[in-house]
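S.K.: Per this note's numbering, the very first residue in the sequence shown carries number 26; after that it's consecutive.
Note that CB positions come from ideal geometry on N, CA and C, so glycine has one too.
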Amino acid sequence: MAEDDGIIIERSVSGRPHEGKVLAVIQPHVDDSTLFAGGTIAKLISEGYTGYLIRTTNDDAAGGGTDGDRVLNNERDNDKVAKVLGLKKVYNLGYRNHRMDEYNTQEIKGRLIFLFRLLKVDTIFSYDPWGHYEENPDHYVTAQAVEAARWMSGSVDYPEQLDTVKPYSVNERYYFARGPQLVNRIVDISKHIDKKIESNVVITTQGPGGNNGSRIRKRLAEQGKKLPILGDTDESADFNYVKHFVLDKDSLTQRGTPSDREVGKKYGLEWAEAYHYIGNPVSVLPDYIAKNAVPK
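#1: Use the C-beta contact count for Lys268: other C-beta atoms within 10 angstroms, 16 or more gives buried, fewer gives exposed.
#2: Taking just the CA atoms, how far does Leu245 sit from Val288?
#3: Answer yes or no: do Asp56 and Ile228 have a C-beta to C-beta separation smaller than 8 Å?
#4: Let me make sure I understand the geometry here. Which of Leu97, Gly235, Leu78, Arg286 has the alpha-carbon closest to that of Ala86?
#5: Suppose you measure from the CA of Tyr302 to the CA of Gln248; what does that come to, to the nearest Å?
#6: By Cβ distance below 7 Å, which residues in the same chain neighbour Asp104 in space, the five residues on each side in sequence not counted?
#7: Return yes when the Cβ of Ser180 is within less than 8 Å of the Cβ of Val195, no when it is not.
#8: Taking the runs of the alpha helix (DSSP H) that are 4 residues or longer, which of them lie wholly in the region 105-152?
#9: How is Val288 classed by DSSP in three states: helix, strand or coil?
#10: Thr282 by DSSP, collapsed to three states: which one?
#11: For Arg280, count neighbouring Cβ atoms within 10 angstroms of its own Cβ and tell me buried if that reaches 16, exposed if not.
#12: Using the Cβ count rule (16 or more neighbours within 10 Å means buried), how would you classify Val212?
#13: Could you spell out where the alpha helix (DSSP H) holding Leu310 opens and where it closes?
#14: Using a Cβ-Cβ cut-off of 8 Å (strictly less than) and excluding sequence neighbours within five positions of Ile32, which residues of its own chain qualify?
#15: Please report the residue range of the alpha helix (DSSP H) in which Val195 lies.
#16: If you pair each beta-carbon of the region 147-166 with each one of the region 40-49, do three or more pairs fall below 8 Å?
#17: Quick check on Asn83: buried or exposed, where buried means 16 or more other Cβ atoms within 10 Å of its Cβ?
#18: Whose CA, out of Arg124, Arg121, Asn117, Gln231, lies closest to the CA of Arg136?
#19: Taking 7 Å as the limit between beta carbons, can you name the residues of its chain near Ser261, skipping five residues before and five after?
#20: Quick one: what's got a C-beta closer than 6 Å to Phe61's C-beta in the same chain, skipping five residues either side?
#21: Is it buried or exposed, Ser224, if we count other Cβ atoms within 10 angstroms and call 16 or more buried?
What follows is the structure, given as structure tokens:
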């Protein structure tokens, strides 16, 4: 770790120092975590975390075809995301897309609390519950439910669960946002940028990644043109489109956030992700007592 003007710089570390720890990625839609946190998730998995993916909606309003087609295709994409990022299991909560503000918050919180306890989650990734100007109800409802569930999971709330699972406290939060937010941690994802790109390429039902690069390549070829930055194959076009446009040159339009390359450049990094990070503060009391207690 390093500090730059109050911003913590989190870098990759060798070995598996996080072995035994558990992270959960909670996203409303299949492409949320990949766009904003895919690099850090891949980094922590490589450093020893076991990870789980929790999707709160069924994405039934995203993509082509019938409602059933969209639900099935997005579920398949979500499974592919988990595989690329190295996440152990997927949990789909199944709420209707863009309609999470219609559901009972207590139910959503209760389900998340159960999963946090069951999986013994130490670290979570999700939308920032304090992010500004978020227009999608799925994003802000999920974010608020996650934060409330995180706060309550280590206590005796929902006591009917305690015959099956025990209270378990979530210690760390990596919160991302599409708009302005408090940023206090920058994560170097340079070694994991390819995983982040791949996790967006496999999402073909919705989102800015998928096969959009190969579509542009095909359209230009029909006009007798090509875009050298995309490469000479459909595979390279999809990969390079995400790398150079979705995550970099056209990031503000595609994702609503600054380029990962530009975020990194400010701190001397090749690629980086920005977060509102919250960890458990370490009490100074035990150390103070050890140093200052005197015989009575």
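M.R.: On the basis of the data shown:
#1: The residue you call residue 268 lines up with position 243 of the sequence shown. When all chains shown are included, Lys268 counts as buried.
#2: Mapped onto the sequence shown, residue 288 falls at position 263. Mapped onto the sequence shown, residue 245 falls at position 220. Looking at the two C-alpha atoms, the distance is approximately 31 Å.
#3: Taking the first residue of the sequence shown as 1, we reach residue 56 at position 31. Taking the first residue of the sequence shown as 1, we reach residue 228 at position 203. Against a cut-off of 8 Å, the Cβ pair of Ile228 and Asp56 comes out as a contact.
#4: The residue given as residue 86 occupies position 61 in the sequence shown. Selected option, being the one with the closest Cα: Leu97.
#5: By one-based count along the sequence shown, residue 302 stands at place 277. By one-based count along the sequence shown, residue 248 stands at place 223. Within the model, the alpha-carbon separation for Tyr302 versus Gln248 is close to 47 Å.
#6: In the sequence shown, counting from the first residue as 1, residue 104 sits at position 79. Val115.
#7: The residue given as residue 195 occupies position 170 in the sequence shown. The residue given as residue 180 occupies position 155 in the sequence shown. Taking 8 Å as the cut-off, the beta carbon of Val195 is found no closer than this to the beta carbon of Ser180.
#8: The qualifying runs are 130-144.
#9: Numbered from its first residue, the sequence shown carries residue 288 at position 263. Residue state for Val288 is assigned as helix, using DSSP reduced to three classes.
#10: The sequence position of residue 282 within the sequence shown is 257, counting from 1. Note: Thr282 maps to coil in three-state DSSP.
#11: Counting from one through the sequence shown, the residue named residue 280 turns up at place 255. Buried: at least 16 other Cβ atoms inside 10 Å.
#12: Indexing the sequence shown from 1 puts residue 212 at position 187. With 16 or more other Cβ atoms within 10 Å, it is buried.
#13: On the sequence shown, residue 310 is found 285 positions in, with the first residue counted as 1. Leu310: member of the alpha helix (DSSP H) spanning 310-317, first to last residue.
#14: Counting from 1 along the sequence shown, the entry for residue 32 is found at position 7. Closer than 8 Å at the Cβ level, and outside the excluded window around Ile32, lie Val208, Asn209, Arg210, Ile211, Tyr292.
#15: As a first step, residue 195 is located in the sequence shown; it is residue number 170 there, counting from the start. Per DSSP, Val195 belongs to no alpha helix (DSSP H) and is neither H nor E.
#16: Contact holds between the region 147-166 and the region 40-49, because three or more Cβ pairs, one in each stretch, are under 8 Å apart.
#17: Taking the first residue of the sequence shown as 1, we reach residue 83 at position 58. Residue environment for Asn83: buried (at least 16 other C-beta atoms within 10 angstroms of its C-beta).
#18: As a first step, residue 136 must be located in the sequence shown, where it is residue number 111. Comparing Cα-Cα distances from Arg136 to each of Arg124, Arg121, Asn117, Gln231, the minimum goes to Asn117.
#19: Translated into positions along the sequence shown, residue 261 becomes position 236. Leu255.
#20: Translated into positions along the sequence shown, residue 61 becomes position 36. Result list for Phe61: Phe201, in chain order.
#21: Position 199 of the sequence shown, counting from 1, holds the residue named residue 224. Result: buried.
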